[in-house]
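Just so we're aligned, residue 1 is where the sequence shown starts under the UniProt record's numbering, counting upward by one.
Heads up, the thing below is written out as structure tokens.
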Amino acid sequence: MKEVEVALLGFGTVGSGTFSLLQTNAELIENRLGVRPHVSKIYVRNPQKYTDVTLPEGTVFTDSVDDVLGDETIRIVVEVMGGTTFARECVEKALKAGKNVVTANKDLLAEAGPYLLDLASKNGVDLRYEASVLGGIPIIRTLYDSLGGNKISELVGIMNGTTNFILSKMTEDGSNYDEVLAEAQALGYAEADPTADVEGLDAARKLAILSSIAFNRRIFFEDVHVEGITKIDSTDIAFGKEFGYTIKLLGIAKETKKGLSLNVHPAFISQQHPLAAVRGSYNALYVKGNGIDDAMFYGRGAGSLPTGSSVVSDIMEVTKNEAAQATGKLTPFFYPDKNLYASGKIESSYYMRLLVDNSTGVLAKVASKLAEQRISVQAVIQRNEDAQTATLAIVTSICPRSYILNVINAFNKLRVVKEVGSVIRIMAD
Ligand code: NDP
Ligand code: HSE
């Protein structure tokens, strides 16, 4: 059977999952394609680390990237190392050498995706990146192809497995933040530097990649307004439950009359909302289109085999294109103007937690500061901490972010308010 030669750059969580799936399902994959994708070389910096891995005949580890990029027989380079400097260098070299590239690297795509897609197209090769967003959920090709006939108006998703795992565990068993983060790292969900997960950067990169496709604009990481989950407290999770909410880190891209707004932030959502049922390392994306109406895509957002599944699907797609001599045909269309809408102007209702004096008339003083900003109180819970101090958990009416920032300033000047604990958006159903 005809073979298409493939090389892996990296053999960690995703690289090993990809290789394992290619081996386990080799016969099925060959039968489906009529061509055999064959991994001949695997680049890693330190092959000594992999002495316990038994490779089949015809596959070798190499510590020389030039051995891969200079090999004319290799048609598909699979970049699963991560990082943006060396990985970008390798991807550019491979594309310029007329090799197709498959990558799982959202950092790279969110930094330079539109440029690299142009480069691939100029060199007549494919650049595919299904695994870069939502791990095992086939969403990139779905947006390009299956939903290609829709004008998309909104994407709302849980796009980071690590933070969803942490928030789910904190909500369900009252687990401690640091312990759950360590568990997510051990399970291979977290990035090498988990700051990217917990500060929302990873989700923002994924939102930038999806929005570029869904809205045909050159969207980069810097275009997304980001807030992470590090300030979320178990007290807020408990008050949220009393109000009927669950907390999630959401990525939201919304086409408004004034432009496209792009945000990643924690938000309370109703316990009845379908996204509330997305637990653990699972991810999900809601898409609103003018043909399909609402659609939701759900599955494992991280991990070795689920992510490997997406990488393998790209390898198969490119293998088919290679066999048909049809690579380099995907030339994405981008509008010249990004037309972004300032995220701070987006309206929402808010949850606020205040530590206040436990004395008569405090609630009225707090409510009057909210009223001065034209914000009304929808619900409030008061919990007495001791004879001097009480906690107020407040749900506000819908208002622009700027009103909330003003009222926080006013609270900070109010003598009876000891501390503004947290301020969290509430997503409308
Ligand atoms: P790992 O850290 O588990 O693996 C990285 C691999 O690349 C190792 O085998 C490492 O081997 C090799 N490598 C070779 N050169 C370099 C280099 N210069 N810098 C870093 N590594 C190098 O990463 P993952 O498999 O978790 O992630 C790979 C990519 O996939 C990243 O872009 C990540 O964001 C993305 N991704 C990860 C998911 C996951 O669930 N883990 C899900 C979706 C995407 P050695 O150290 O021996 O050189
Ligand atoms: N660190 C990422 C996550 C891996 O937790 O979702 C998948 O992209």
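Ideal Cβ placement from N, Cα and C applies to all residues, glycine included.
Computed from a prediction, not measured in an experiment: that's the story for all the values here.
- It is roughly 19 Å from the alpha-carbon of S168 to the alpha-carbon of S422.
- M170 is classed as buried because its beta carbon has at least 16 other beta carbons within 10 Å across all chains shown.
- With respect to the 8 Å criterion, I74 and K96 are not classified as neighbours on the basis of their beta carbons.
- For Y177, the enclosing alpha helix (DSSP H) stretches over residues Y177 to A186.
- By the neighbour-count criterion, in which a residue is buried when 16 or more other Cβ atoms sit within 10 angstroms of its Cβ, P266 is buried.
- The ligand HSE approaches A302 closely enough that one of its heavy atoms is under 7 Å from the residue's Cβ.
- In the structure shown, the three-state DSSP call for Q23 is helix.
- Where Y298 is concerned, the enclosing beta strand (DSSP E) starts and stops at D293 to R300.
- No Cβ-Cβ contact shorter than 8 Å links N283 with M427.
- With a 10 Å radius around the Cβ and a threshold of 16 neighbouring Cβ atoms, L147 comes out buried.
- Around the C-beta of T18, 16 or more other C-beta atoms lie within 10 Å, and the residue is accordingly described as buried.
- P114: member of the alpha helix (DSSP H) spanning K106 to K122, first to last residue.
- Leaving aside the five residues that flank K151 on each side, the residues in its chain whose CB is nearer than 7 Å to its CB run, in chain order, G289 and N290.
- When the Cα atoms are used, A131 and A104 turn out to be separated by approximately 5 Å.
- Between S211 and A253, the alpha-carbon positions lie close to 7 Å from each other.
- Restricting attention to C399, T389 and A393, the CA atom closest to the CA of I375 is found in C399.
- The residues I152, L210, I213, A214 and V287, in chain order, have a CB closer than 8 Å to that of L143 in the same chain once the five nearest residues on each side in sequence are set aside.
- Here the alpha carbon of G15 sits roughly 8 Å from the alpha carbon of M81.
- In the same chain as V35, and ignoring 5 residues on each side of it, the C-beta atoms closer than 8 Å to its own belong to M1, K2, E3, V4, T319, K320, E322 and A323, in chain order.
- Taking the Cβ atoms as the reference, L134 lies roughly 6 Å from L285, within the contact range of under 8 Å.
- DSSP places N283 within a strand segment (E or B) once states are collapsed to three.
- In the DSSP assignment, A379 falls within the unbroken beta strand (DSSP E) covering V377 to N384.
- Look at E191: its beta carbon is less than 7 Å from one of the heavy atoms in the ligand NDP.
- Exclusion of the five residues before and after E317 leaves R128 as the residues of its chain whose Cβ lies within less than 7 Å of its Cβ.
- A straight-line Cα-Cα distance of about 52 Å links V366 and G308.
- Setting aside the 5 residues that flank it on each side, P47 is surrounded in the same chain by F61, T62 and D63, each with a C-beta closer than 8 Å to its C-beta; the list follows chain order.
- By alpha-carbon distance to L249, the top candidate from E242, K338, D236 and G228 is G228.
- The C-alpha of D223 lies about 44 Å from the C-alpha of D52.
- It is roughly 6 Å from the alpha-carbon of G280 to the alpha-carbon of N164.
- In the displayed model, S132 falls within a helix according to three-state DSSP.
- Under DSSP, S348 forms a beta bridge with C399.
- In the DSSP assignment, L250 falls within the unbroken beta strand (DSSP E) covering Y245 to T256.
- By the Cβ rule, the stretch 389-397 does not count as touching the stretch 331-343, because fewer than three pairs are nearer than 8 Å.
- For N164, no pairing in a beta bridge is given by DSSP.
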